[in-house]
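One structure below.
Numbering (our numbering), first residue to last: 86 to 155.
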């Protein structure tokens with residue numbers, strides 16, 4: 086989702102359209118509702134999309150070979 090949003094923001098949008106695009110990106114990071122986050126990616130919060138993917142992977146790994154049978 087974030088990649089698609091960023092790919093659309095290639096300079097052909099006016100400032101109002103870009104603002105909407107960045108609102109979409111920021112919505113992936115609930116922490117940005119309350120704070121402005123200036124740290125680099127190595128210690129930044131996960132996006133909702135990344136968190137869901139990690140939750141799914143974690144569940145699959147926890148089930149081990151049983152996950153392959155489903």
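Using N, Cα and C, we set each Cβ at its ideal position, and we do this for glycine too.
Assuming residue 141 is part of the alpha helix (DSSP H), what are its boundary residues? Indexing the chain shown from 1 puts residue 141 at position 56. It spans 133-148 - the alpha helix (DSSP H) in which residue 141 sits, taken as one unbroken run.
Identify which residue in 131, 123 and 107 has its Cα closest to the Cα of residue 115. Translated into the one-based positions of the chain shown, residue 115 becomes position 30. Closest option to residue 115, Cα to Cα, is 131.
Can you give me the C-alpha to C-alpha distance between residue 112 and residue 139, rounded to a whole angstrom? Translated into the one-based positions of the chain shown, residue 112 becomes position 27. Translated into the one-based positions of the chain shown, residue 139 becomes position 54. So the two alpha carbons sit approximately 18 Å from each other.
Beta-carbon within less than 7 Å of residue 117's beta-carbon, same chain only, minus the 5 sequence neighbours each way: which residues are those? For the purposes of this step, residue 117 is taken as the residue at position 32 of the chain shown. Cβ neighbours of residue 117 beyond the five flanking positions: 111.
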